[in-house]
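In the numbering used here, the protein residues as written are 4 to 684.
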């Protein structure tokens, strides 16, 4: 018996600064999970590692806006994203987080290893400093005048108007994004990693890789201009730098080391603290890293160099299936623009398998792809329900009615039967090759071909006619028996993509084990299980109706609704005229939302904590059908500040948020520049 292959699989650590969406899942996560599930079926020794990336300036900025500590901020999104992965049936062996204390120790050891090799150097350079806030500010905290086009609100790293990229120190009239205070240049010492010394070693290593052309080309081009890169920040949020108080490691430096620290944490939790070495220090291990194309330089250049710079010989990546981006109805996913999918609502109506299959079938493997609701409906109805589910159901219902709910025996095989067996074997081998080669789209297509192959055979044999002729009983049993063999193969082939449905099929066939723990080779060569009792057939998938799809598309924004020609909502008549003194009685103020949560036992209400500049208040608002709590954090809205407090669902509401409405649609008017407490008139 050949030795089991050891495979270490990682998916890019998601940033714990916002909720994940299907665009993220299609890129680095679903392909990784399907590959891990497939390799377990192949008998490989698999360890699948992921976790939350929890340091960085973006988190401190969003936390300050939300009036939270950075730890409170990452705790929220770590829990939210982990729950999303669980909802989608992901099979991580360990899902860690970079705020785990052990992570910092690994990062510091990594730094010391690079330092010992003479690869770290210190430079003193000018950085932007806020005398008002008494701190250096990273680019995300900085706004100013674009040095190219003169746009007054350019960000610290790029101009939104002309798309120019630059250093924050290039901005004219730089100021703090949070306080508006002017910034000065002040010298600060930082540590740099000498990436320029790795050009030849990285080039020679990459030239041997048979990766996607875009990955190798991008990385090789990046190496041409490789230069020393700062690995430290002036901040208190991050992994502390040994010997340098008030400095932490740049998040791009500490995050990929999180794969190693998470593996160490897994090893400790399993009671074998040194087990991580079997994966990271074992030259026989196959390391496969699933990423999105935006992570190519960090995983194909920086992290390998950091590994090469250690005295300890670490495992370098063997495969790097970097996917492109997934769009939503032709545009990028955008939570702030409402161009996204309400995942809580999605999983009330649809299954994880439906989401997984449609994302796999549209996987952005070689070019940007698109999720559209019409395509989702078509794949659910025509493929999952029409081809796959229909074949399984019609065969098992027939076997229940005419084969005593047992798997019938195979009798004499004819040419059509042999051809069917050959087609099944050929398709199973092509599916196996597709999974092994990271071609998830092709595996999805071939899976449907296998189901359609079964449908064609069933229709050609017409077993519903054979039941009327006793002389054809043996032929009928052979037909149903071979169809059940096809269903058995379908359950195996589908297991990496739609694990829940695959397990249901496996159980309906009378097997009492967990399919995901079975062997691809064993099932593929299994002797026909004649006489095995079949369980009651169940419907695997439900139809997605036109009304549901139109409803989902309508949620994407007013512009899209209008273009689709949906029925307009009547405009309510203007109320009776009032006098100006009545208007003066209202005290409208700008309020910034600091925290938001759903009110228990209410579908419509959110409990908001808002900042009025001089005080904080609790407000209950009926906007939960339109806005998720996390969408609202940091938004500046208009509050009726002098409304008599009212108790709603046991909560005292100290004001009312103004919202525009048309029918069931709500939209909050928001303010950009003015500070909380400013009067609205």
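All residues carry an ideal CB built from backbone N, CA and C; glycine is no exception.
- The three-state secondary structure of residue 639, taken from DSSP, is strand.
- Of the candidates 651, 591, 596 and 71, 596 places its Cα closest to the Cα of residue 631.
- Residue 130 is positioned such that its CB atom lies closer than 9 Å to that of residue 237.
- Counting along the chain, residue 451 sits inside no beta strand (DSSP E); it lies in the alpha helix (DSSP H) bounded by residues 443 to 464.
- Under DSSP, residue 129 shares a beta bridge with 190.
- A direct Cα-to-Cα measurement between residue 37 and residue 256 gives close to 28 Å.
- In the DSSP assignment, residue 156 falls outside any beta strand (DSSP E), carrying neither H nor E.
- In this structure, the beta-carbon distance from residue 88 to residue 53 falls below 9 Å.
- Listed as beta-bridge partners of residue 506 by DSSP are no residues whatsoever.
- For residue 430, same chain residues with a beta-carbon under 7 Å away, outside a window of 5 residues either side, are 449, 452, 453 and 456 in chain order.
- In terms of CA proximity to residue 672, 593 leads the group 593, 613 and 432.
- In terms of CA proximity to residue 301, 325 leads the group 325, 111 and 283.
- The beta carbon of residue 646 sits closer than 6 Å to those of 658 and 659, all from its chain and outside the five residues before and after it, given in chain order.
- Of the candidates 580, 488, 298 and 417, the residue whose Cα lies closest to the Cα of residue 225 is 298.
- Judged by beta-carbon spacing, residue 375 lies within the 9 Å limit of residue 332, meaning their Cβ atoms are closer than that value.
- Positions of the beta strand (DSSP E) runs, each at least 3 residues long and wholly inside the stretch 309 to 353, are given as 329 to 331 in order along the chain.
- Taking all protein chains in view, the Cβ of residue 344 is crowded by 16 or more other Cβ atoms within 10 Å, so the residue is classified as buried.
- A straight-line Cα-Cα distance of about 15 Å links residue 606 and residue 346.
- For residue 592, the pairing in a beta bridge is given by DSSP as 642 and 682.
- DSSP, reduced to helix, strand and coil, places residue 286 outside both helices and strands of the structure shown, so it counts as coil.
- Within the same chain, 13 and 52 come within 7 Å of residue 262 by CB-CB distance, once the 5 residues on both sides are set aside.
- Unbroken beta strand (DSSP E) runs of no fewer than 3 residues, entirely contained in the stretch 595 to 641, are found at 609 to 614 and 619 to 624, following chain order.
- Put simply, of 351, 312, 290 and 446 the residue whose alpha carbon is nearest the alpha carbon of residue 365 is 446.
- With respect to residue 531, residue 269 sits apart: the two C-beta atoms are not nearer than 9 Å.
- Of the other Cβ atoms in all chains shown, 16 or more fall within 10 Å of the Cβ of residue 193; this residue is therefore buried.
- The three-state secondary structure of residue 45, taken from DSSP, is coil.
- In this structure, the alpha-carbon of residue 367 lies about 22 Å from that of residue 90.
- The criterion of a C-beta distance shorter than 9 Å is satisfied by residue 110 and residue 264.
- Nearest in C-alpha terms to residue 124, of all of 162, 234 and 216, is 234.
- For residue 220, the uninterrupted alpha helix (DSSP H) run begins and ends at 216 to 227, by DSSP.
- Taken atom to atom, the span from the alpha-carbon of residue 484 to that of residue 443 is near 29 Å.
- The secondary-structure analysis by DSSP pairs residue 235 across a beta bridge with 252.
- Taking a C-beta distance under 9 Å as the contact criterion, residue 114 and residue 32 do not qualify as a contact pair.
- When C-alpha distances from residue 439 are compared across 120, 46 and 388, the shortest belongs to 46.
- A direct Cα-Cα distance of roughly 7 Å separates residue 461 from residue 486.
- Contact between residue 122 and residue 196 is confirmed by a C-beta separation of about 6 Å, below the 8 Å threshold.
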